[in-house]
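Protein chains: 2
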Amino acid sequence: MMPMTTECAPHEQADEATIARVQQSMPDTHTLARMSEIFGALGDPTRLRIALALCRQPLCVHDLSQILGVSESAVSHQLRTLRMLRLVTSRRAGKRVYYSLDDAHVYRLIEEGLKHAQER
Amino acid sequence: MMPMTTECAPHEQADEATIARVQQSMPDTHTLARMSEIFGALGDPTRLRIALALCRQPLCVHDLSQILGVSESAVSHQLRTLRMLRLVTSRRAGKRVYYSLDDAHVYRLIEEGLKHAQER
DNA sequence: TCAATAGTTGAACAACTGTTCCAATGTTCA
DNA sequence: TGAACATTGGAACAGTTGTTCAACTATTGA
Chain G
64 MMPMTTECAP HEQADEATIA RVQQSMPDTH TLARMSEIFG ALGDPTRLRI
114 ALALCRQPLC VHDLSQILGV SESAVSHQLR TLRMLRLVTS RRAGKRVYYS
164 LDDAHVYRLI EEGLKHAQER
Chain U
64 MMPMTTECAP HEQADEATIA RVQQSMPDTH TLARMSEIFG ALGDPTRLRI
114 ALALCRQPLC VHDLSQILGV SESAVSHQLR TLRMLRLVTS RRAGKRVYYS
164 LDDAHVYRLI EEGLKHAQER
């Protein structure tokens, strides 16, 4: 059985179904935006190093500044980003403000990234 | 026993040890760079969507272009980035070039990111 | 209260990045 | 071979982003 039209489609019929199927399997816009924000946040070397340091223990801005060799202002700016994305939490102790990873999820995400980076 | 100097240190003695300990626990420069490159790659919405689509099945540039609603050139450019970071692999089939996730590590990393993004 | 320490904020600037456009390459089929 | 399709490559442009600098708030202790 031949189709009525003689123009051949630029693509096989199967692709349309494939496209629809894959499209439907994609996360919703909000989740997608949040995912890329999280990955993007850890994509900056300074923020990643902050997160890695906080994997060990809670630290204040001054300590992080010393550990990374970056100005306190720069650290504070990056912590703001991480805080807004709920990757870290803060608590004040006198003059100092101590930051920690928000939850175990962040820890596991970093662990997974580390594993991938170390292979090969 | 009191120290000879009367000037008080701007920080407690403990912090220096803390700084050294955390610094030593940090991954080496190369691993760190690779980690941030990987996270950064998934931090771009287009590249993340490409990776998510490839979580389902291998796809060619044309299909990805349709699925994401982005020009083929843009898709190709982003695939180049993902390929250079070894997050995806390609194989030619006739005119088409099919891309897939490089390995299970990438899949798990995306899974972990998705889980984190969906909570709360 | 004042001085010192700790942290935050906003503006500005340079550096980076993603998309577009167009040309070039590679592949198939007639 | 020539035409059409699929992908890649480079240049250029706009938009984003990370750091710096300086000013500002907050806390402690004298």
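Heads up: the sequence lines are chains G and U, in that order. The first sequence begins at 64 in my numbering and counts up one residue at a time. The second sequence begins at 64 in my numbering and counts up one residue at a time. We put the CB at the ideal spot given by N, CA and C, even for glycine. Everything numeric in this text was worked out from a predicted model, so none of it was measured.
- When CB distances to chain U are screened at a threshold of 8 Å, the residues of the segment 103-117 of chain G falling below it are Gly-103, Ala-104, Leu-105, Gly-106, Asp-107, Pro-108, Leu-111, Arg-112, Leu-115 and Ala-116, in chain order.
- Counting along the chain, Val-160 (chain G) sits inside the beta strand (DSSP E) bounded by residues 159-164.
- Under the Cβ distance rule, Met-147 (chain G) does not count among the residues neighbouring chain U, no pair being separated by less than 9 Å.
- Between Thr-144 (chain G) and Ala-104 (chain G), the C-beta gap is smaller than 9 Å, which places the two residues in contact.
- Arg-149, His-168, Val-169 and Arg-171: these are the residues of the segment 148-171 of chain G whose beta carbon lies less than 8 Å from some beta carbon of chain U, given in chain order.
- Sixteen is the threshold: since fewer than 16 other Cβ atoms of the shown chains lie within 10 Å of the Cβ of Asp-91 (chain G), the residue is exposed.
- Taking the CA atoms as reference points, Arg-84 (chain U) sits about 12 Å from Cys-118 (chain G).
- Collapsing the DSSP output to three states places Ser-153 (chain G) in a strand.
- Secondary structure note for Asp-126 (chain G): its alpha helix (DSSP H) is the uninterrupted segment 124-131.
- In this structure, DSSP gives Leu-148 (chain G) a state outside helix and strand, which the three-state scheme calls coil.
- One Cα belongs to Met-89 (chain U), the other to Ala-80 (chain G), and the distance between them is close to 47 Å.
- About 7 Å separates the CB atoms of Leu-142 (chain G) and Ile-113 (chain G); that is less than 8 Å, so the two are in contact.
- Annotation: Cβ neighbours of Ala-180 (chain G) in chain U (cutoff 7 Å, chain order): Thr-94, Arg-97, Met-98 and Ile-101.
- Exposed is the label assigned to His-93 (chain G), since fewer than 16 other Cβ atoms lie within 10 Å of its Cβ.
- Not flagged as an interface residue toward chain U: Gln-141 (chain G), since no C-beta distance is shorter than 9 Å.
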